[in-house]
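Asks: If you scroll down you'll find the structure; I have some questions about it.
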Amino acid sequence: MDEEIAKQIGATGRLDPFKITTIGNNTLDSPNSRRVKVSLKSLHRKRVQFRARTVASLNLGPQTVCATNIENCRHLKDLKEQLIYDSGNPKILIGQDNWRLLIATKIRRGPPHQPIASLTELGWVLHGAHTKAPYQRVHAANELHTSKETIEDHSKVDDWRWVPTKLNIADTATRDVPPNFDSNHEWYCGPSFLYKEPSAWPTERPTSSEPTGEEKCLTITESHRAPVIREAIPNPANFSKWERLLRATARVLQFITLCRKTTDRTFYKRTIRNEEKDPDWRKAKNNPLHRTQSSSLRKTADVKRHITLEAEFIREAEKLLIRVIQGDFFRQEIDDLRNDKKVAHDSRLRPLQIELKDGIIALRSRIAAAKGVSKDMKGPAILDGDHRITQLYIDWTHRSLHHCETEPTINEVRQHYWVIRLRPTTKRIVSQCVPCRIRKAQPSVPATGDHPSTRLAHHQRPFTFTGLDYFGPLSVTVGRQHQKRYVALFTCLTSRAVHLEIVANLSADSAILALRRFAARRGCPTEIYSDNGTNMHGADKELREAFKEEASRRGIVWRFITPSAPFMGGVWERLVRCVKTALYTVLHERHPHEEVLATLLCEVEYTVNSRPLTHISVDSNDYESITPNHFLLGGSARLPTPGVFNEKDINSKRHWRRSQILADMFWQRWVREYLPELQNRREAHGRGPDLQVGDPVLIADSQLPRNTWPRGRIEAVFPGADGQIRTVEVRTANGLIKRPTKKLVPLPK
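Residue numbers for the sequence shown, in our numbering: 128 to 876.
Below is the structure:
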């Protein structure tokens with residue numbers, strides 16, 4: 128039993144390796160064999176239990192009886208439901224220990240050359256073909272047919288000579304051994320007339336016109352023996368590339384050709400000759416082909432360690448593979464064309480104009496008169512896209528065209544062959560190509576998550592939850608020199624207000640000083656979010672040491688986003704772009720003084736904080752659009768203040784004054800107008816598979832070409848509050864790193 132079948136049915140057992148040596152020193156070695164118990168039940172018979180051994184592969188020839196053949200047999204029509212057959216290689220071999228399973232209780236025979244059905248314990252079984260000839264005659268005829276093919280391959284009919292019965296030394300092996308049977312006998316030396324001139328050889332012909340027994344047997348089996356071409360090629364299922372299968376088949380053909388050339392390997396046995404009776408022996412024994420040793424046989428031909436594979440064998444191997452494909456799928460069509468019949472109406476080749484060329488079905492195209500076109504294009508051989516060999520050829524064409532798309536691959540295949548179901552087969556092969564899948568693979572994008580609570584913390588002081596980012600450098604004039612300055616952007620995660628501070632450099636000291644200035648003007652934040660810049664890490668460490676007491680009292684928490692994930696800090700990255708646009712518009716690549724730059728930053732800060740957060744209404748009676756300045760300055764700063772209020776206004780009948788005191792109008796509008804706009808998700812369902820521990824991935828890097836992106840394997844995942852994985856830990860050649868899933872391209876396992 129094949130290991131594959133045993134795994135599919137769940138048959139397990141103890142490991143019991145075995146090794147069998149058969150006649151001819153053929154060895155069957157199965158180190159992973161197991162003893163299993165199998166319960167087998169046919170469709171309409173009782174259950175049978177037996178023991179079996181598993182092997183890697185039985186390597187049995189295919190059985191070609193299928194449902195179509197059964198439908199054409201009248202004596203099997205009522206057994207159609209009980210005979211479930213399909214073309215394929217047998218996976219279970221019934222041994223002699225279970226001979227009872229093969230005993231036939233009923234036999235159904237049809238016309239000659241149609242299969243026979245036998246009723247066994249396993250149900251109805253098909254086997255053989257009915258013939259009226261006795262078994263002995265068929266066996267003898269097959270052997271004679273094999274001998275005839277061998278003789279015709281090694282000689283020509285014109286070179287044959289007739290030998291009289293009395294001079295035929297082959298009869299010696301069928302008679303009693305004569306008393307003078309020694310090394311000088313004709314059995315070893317050959318008939319005496321061979322040492323004479325050919326003109327002296329016997330020329331007598333048989334006088335009787337009655338055909339011999341050999342001729343009778345030969346005419347019996349001409350229709351019973353079909354040429355077997357599959358034995359000459361390796362199993363295509365064991366190959367993953369067309370070129371390897373083609374060269375392996377060519378090597379087999381080359382080996383067969385070398386074996387047929389008996390002159391390359393000639394063996395002579397030492398004999399005793401009389402030099403007086405044979406005067407030519409002294410001259411002939413110096414010939415290299417006649418050199419012998421006293422006690423052993425000697426091979427006179429030189430054996431080459433490596434033989435170059437000629438193009439002729441490759442062409443013959445390709446033709447042989449084409450015949451195998453057509454023999455598996457178009458056997459009936461080949462027989463019809465050989466018998467000058469039309470193909471059946473239900474044949475897949477019926478819509479095509481076909482012809483038989485050298486035993487191969489070819490397409491009769493309409494471009495036969497074209498000049499400068501190859502014969503393969505004018506009359507391409509017909510292949511089936513479901514055959515393994517055809518799929519290997521399409522895959523080779525796809526790879527030879529540098530992994531191009533489907534259409535160029537189809538066009539190239541059409542230059543040589545006409546493939547049935549070419550397009551769907553090519554699409555499937557291209558979609559399963561591993562290099563193409565790696566080249567086309569896209570990062571795994573998870574579904575957009577919920578907004579963090581820091582983005583939704585209304586009725587809180589601005590900058591309670593702050594995002595921090597740097598941009599620059601900007602060139603300023605200090606005396607007669609140009610120096611670099613950076614800008615620290617603080618943004619309120621809730622109100623989207625910004626605060627800009629000039630930073631001298633990217634050191635941790637400058638970050639701490641900028642933070643102190645910001646806290647003095649806007650208040651100390653509760654949480655600070657930033658990316659993974661080295662200056663940010665240093666500032667976080669020094670803040671914990673320098674402001675240990677103050678931090679514990681104020682509760683400042685510094686959080687970092689995932690490395691190489693700037694999109695996770697989009698809340699401040701978008702504002703950095705707004706500030707850069709305003710600065711570049713004003714500066715025009717000039718180098719202002721530091722005092723001028725500080726003034727420009729304040730004005731840009733005011734401009735950015737004046738941007739509307741909600742829809743701008745064209746109705747003059749509606750409120751003005753809410754802006755971050757409403758939370759910082761109490762209004763847009765371009766409109767006059769509503770007035771001066773006091774405690775008496777609480778009980779005032781003027782509703783607009785009462786609302787101004789009793790409710791925080793800006794936060795109410797923020798909740799009512801701005802918050803609903805945050806409901807939409809850009810990626811509602813995500814794209815790509817969910818990454819798991821152990822998955823191989825490609826780490827995307829915008830600074831490198833795609834074919835140089837590093838590879839890694841996921842070691843740990845960090846799911847969010849909604850269970851979605853957006854950050855993972857990847858092991859690379861340089862160690863462990865954290866990356867967002869949007870920067871990871873899953874690879875085929």
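From the three backbone atoms N, C-alpha and C, an ideal C-beta is built for every residue, glycine too.
#1: Give the DSSP-derived three-state secondary structure of Tyr613 in the structure shown.
#2: Using beta-carbon positions only, say whether Arg220 and Leu187 come within less than 8 Å of one another.
#3: State whether the region 595-611 contacts the region 699-712, with contact taken as three or more CB pairs (one from each stretch) at a distance under 8 Å.
#4: Figure out for me which residue from Arg838, Gly850, Gly847 has the closest Cα to the Cα of Leu96.
#5: To the nearest whole angstrom, what separates the beta carbons of Val713 and Leu727, a pair I think is in contact under 8 Å?
#6: Looking only at its chain, what residues have a beta carbon closer than 6 Å to the beta carbon of Pro823, apart from the 5 residues adjacent to it on each side?
#7: For Ser326, does the count of other Cβ atoms within 10 angstroms reach 16, so buried, or fall short, so exposed?
#8: So the alpha helix (DSSP H) Ile136 belongs to, where does it begin and stop?
#9: Which residues in the same chain as Ser527 place their Cβ atom closer than 7 Å to its Cβ, once the five residues preceding and following it in sequence are excluded?
#10: Which residues mark the beginning and the end of the alpha helix (DSSP H) in which Tyr711 is found?
#11: Could you spell out where the alpha helix (DSSP H) holding Leu447 opens and where it closes?
#12: When you compare the CB positions of Val684 and Glu654, do they come within less than 8 Å of one another, or not?
#13: Within a Cβ cutoff of 6 Å, which residues of the same chain sit near Phe845, ignoring the five residues on either side of it in sequence?
#14: Lys168 bridges to which residues according to DSSP?
#15: Quick check on DSSP: helix, strand or coil for Gln608?
#16: Inspect the CB distances between the region 510-530 and the region 362-369 and report whether three or more fall short of 8 Å.
#17: With DSSP run on the structure shown, which of helix, strand or coil describes Leu889?
#18: Note the first and the last residue of the continuous alpha helix (DSSP H) segment covering Trp877.
#19: Suppose contacts are defined by Cβ-Cβ distances below 8 Å. Is Tyr656 in contact with Arg686 by that definition?
#20: If Glu248 and Thr181 are in contact, beta carbons under 8 Å, what's the gap, nearest whole angstrom?
#21: Are the Cβ atoms of Ile488 and Ile461 separated by less than 8 Å?
#22: In terms of alpha-carbon separation, which member of Glu732, Val731, Ser752, Asp658 lies closest to Leu740?
#23: How long is the line joining the alpha carbons of Glu279 and Arg465, rounded to whole angstroms?
#24: For Thr859, name the three-state secondary structure that DSSP assigns.
#25: For Gly770, collect the residues of the same chain with a Cβ closer than 6 Å to its Cβ; drop the 5 residues on either side in sequence, then sort them by chain order.
#26: Using the beta-carbon count (16 or more within 10 Å), is Arg201 buried or exposed?
#27: Just to check my reading of the structure: Pro562 and His530 have Cβ atoms closer than 8 Å, yes? What is that Cβ distance to the nearest angstrom?
#28: Alpha carbon to alpha carbon, how far is Val470 from Leu479?
#29: Let me know the secondary structure DSSP gives Arg548 once reduced to three states.
#30: Drop a sphere of 10 angstroms on the beta-carbon of Gly506, count the other beta-carbons inside from all chains shown, and report buried for 16 or more, exposed for fewer.
#31: Taking the alpha-carbon positions, what's the Ala615 to Arg866 distance?
#32: If we count the other Cβ atoms within 10 Å of its Cβ and call it buried at 16 or more, is Lys484 buried or exposed?
#33: Which residue's Cα is closest to the Cα of Thr868: Ser829, Asp849, Leu831, Leu818?
#34: If you draw a straight line from the C-alpha of Ala692 to the C-alpha of Arg475, how long is it?
#35: I need the boundaries of the beta strand (DSSP E) containing Pro189, first residue and last residue.
#36: For Lys865, write down the residues that DSSP places opposite it in a beta bridge.
Replies: Here's the rundown:
#1: Sequence index remark: in the sequence shown, residue 613 carries index 486 (1-based). Of the three classes helix, strand and coil, the one that applies to Tyr613 here is strand, per DSSP.
#2: Within the sequence shown, residue 220 is the residue found at index 93, counting from 1. Within the sequence shown, residue 187 is the residue found at index 60, counting from 1. The question names Arg, yet the displayed sequence has Leu at residue 220. In this structure, Leu220 sits near Leu187, with a CB-CB distance shorter than 8 Å.
#3: Yes, the region 595-611 touches the region 699-712.
#4: Residue 96 falls outside the range modelled here, since the chain spans only 128 to 876, and no answer is possible.
#5: If you number the sequence shown from 1, residue 713 lands on position 586. If you number the sequence shown from 1, residue 727 lands on position 600. Confirmed, about 6 Å.
#6: Along the sequence shown, one-based indexing puts residue 823 at 696. The residues are Arg840, Leu874.
#7: What you label residue 326 is simply residue 199 of the sequence shown in a count that begins at 1. Ser326 comes out exposed.
#8: Translated into positions along the sequence shown, residue 136 becomes position 9. Bounds of the alpha helix (DSSP H) holding Ile136 are 130-136.
#9: On the sequence shown, position 400 is the one that residue 527 refers to. Excluding positions up to five away in sequence, the list is empty.
#10: Here residue 711 refers to the residue found at position 584 when the sequence shown is read from its first residue. For Tyr711, the enclosing alpha helix (DSSP H) stretches over residues 697-714.
#11: Indexing the sequence shown from 1 puts residue 447 at position 320. Element bounds for Leu447: 438-456.
#12: Mapped onto the sequence shown, residue 684 falls at position 557. Mapped onto the sequence shown, residue 654 falls at position 527. Yes, the Cβ-Cβ distance between Val684 and Glu654 is below 8 Å.
#13: Along the sequence shown, one-based indexing puts residue 845 at 718. The answer, listed in chain order, is Thr854.
#14: Sequence index remark: in the sequence shown, residue 168 carries index 41 (1-based). Paired residues: Arg174.
#15: The residue given as residue 608 occupies position 481 in the sequence shown. DSSP places Gln608 in strand when its eight states are reduced to three.
#16: The region 510-530 vs the region 362-369: in contact.
#17: The first residue shown for the chain is 128 and the last is 876, placing residue 889 beyond what the model contains.
#18: The structure shown does not extend to residue 877, since the chain is modelled only from 128 to 876, so the question has no answer here.
#19: Residue numbering aside, residue 656 sits at position 529 when the sequence shown is read from its first letter. Residue numbering aside, residue 686 sits at position 559 when the sequence shown is read from its first letter. Between Tyr656 and Arg686, the C-beta spacing is below 8 Å.
#20: Translated into positions along the sequence shown, residue 248 becomes position 121. Translated into positions along the sequence shown, residue 181 becomes position 54. In fact, because the Cβ distance is near 22 Å, the residues do not count as touching under 8 Å.
#21: Working through the sequence shown from its first residue, we reach residue 488 at position 361. Working through the sequence shown from its first residue, we reach residue 461 at position 334. In this structure, Ile488 lies near Ile461, with their beta-carbon atoms less than 8 Å apart.
#22: Working through the sequence shown from its first residue, we reach residue 740 at position 613. The residue with the shortest Cα to Cα distance from Leu740 is Ser752.
#23: Sequence index remark: in the sequence shown, residue 279 carries index 152 (1-based). Sequence index remark: in the sequence shown, residue 465 carries index 338 (1-based). Each residue's Cα considered, the two are about 23 Å apart.
#24: Locating residue 859 in the sequence shown gives position 732, counting from the first residue. DSSP places Thr859 in strand when its eight states are reduced to three.
#25: As a first step, residue 770 must be located in the sequence shown, where it is residue number 643. The predicted position of Gly770 is uncertain, since its pLDDT is 48 and thus under 50; a value taken from the coordinates is nonetheless stated next. Contacts found: none.
#26: Locating residue 201 in the sequence shown gives position 74, counting from the first residue. Classified as exposed, Arg201 has fewer than 16 neighbouring CB atoms from the shown chains inside 10 Å of its CB.
#27: Residue mapping note: residue 562 aligns to position 435 of the sequence shown, counting from 1. Residue mapping note: residue 530 aligns to position 403 of the sequence shown, counting from 1. The pair is a contact, with the Cβ atoms about 6 Å apart (cut-off 8 Å).
#28: The count along the sequence shown starts at 1 and reaches residue 470 at position 343. The count along the sequence shown starts at 1 and reaches residue 479 at position 352. Those two C-alpha atoms are separated by around 10 Å.
#29: Position 421 of the sequence shown, counted from the start, is the residue given in the question as residue 548. Three-state result, Arg548: coil.
#30: What you label residue 506 is simply residue 379 of the sequence shown in a count that begins at 1. Under this definition Gly506 is a buried residue.
#31: Within the sequence shown, the letter at position 488 stands for residue 615. Within the sequence shown, the letter at position 739 stands for residue 866. Taking the straight line joining both Cα atoms gives about 25 Å.
#32: The residue you call residue 484 lines up with position 357 of the sequence shown. Taking all protein chains shown into account, Lys484 has fewer than 16 neighbouring C-beta atoms within 10 Å of its C-beta and is therefore exposed.
#33: Residue mapping note: residue 868 aligns to position 741 of the sequence shown, counting from 1. When only C-alpha atoms are compared, the closest one is Leu818.
#34: Translated into positions along the sequence shown, residue 692 becomes position 565. Translated into positions along the sequence shown, residue 475 becomes position 348. Ala692 and Arg475 have their C-alpha atoms some 56 Å from each other.
#35: As a first step, residue 189 is located in the sequence shown; it is residue number 62 there, counting from the start. From DSSP, Pro189 is part of no beta strand (DSSP E); its letter is neither H nor E.
#36: Within the sequence shown, the letter at position 738 stands for residue 865. According to DSSP, which records beta bridges pairwise, Lys865 is partnered with Glu856.
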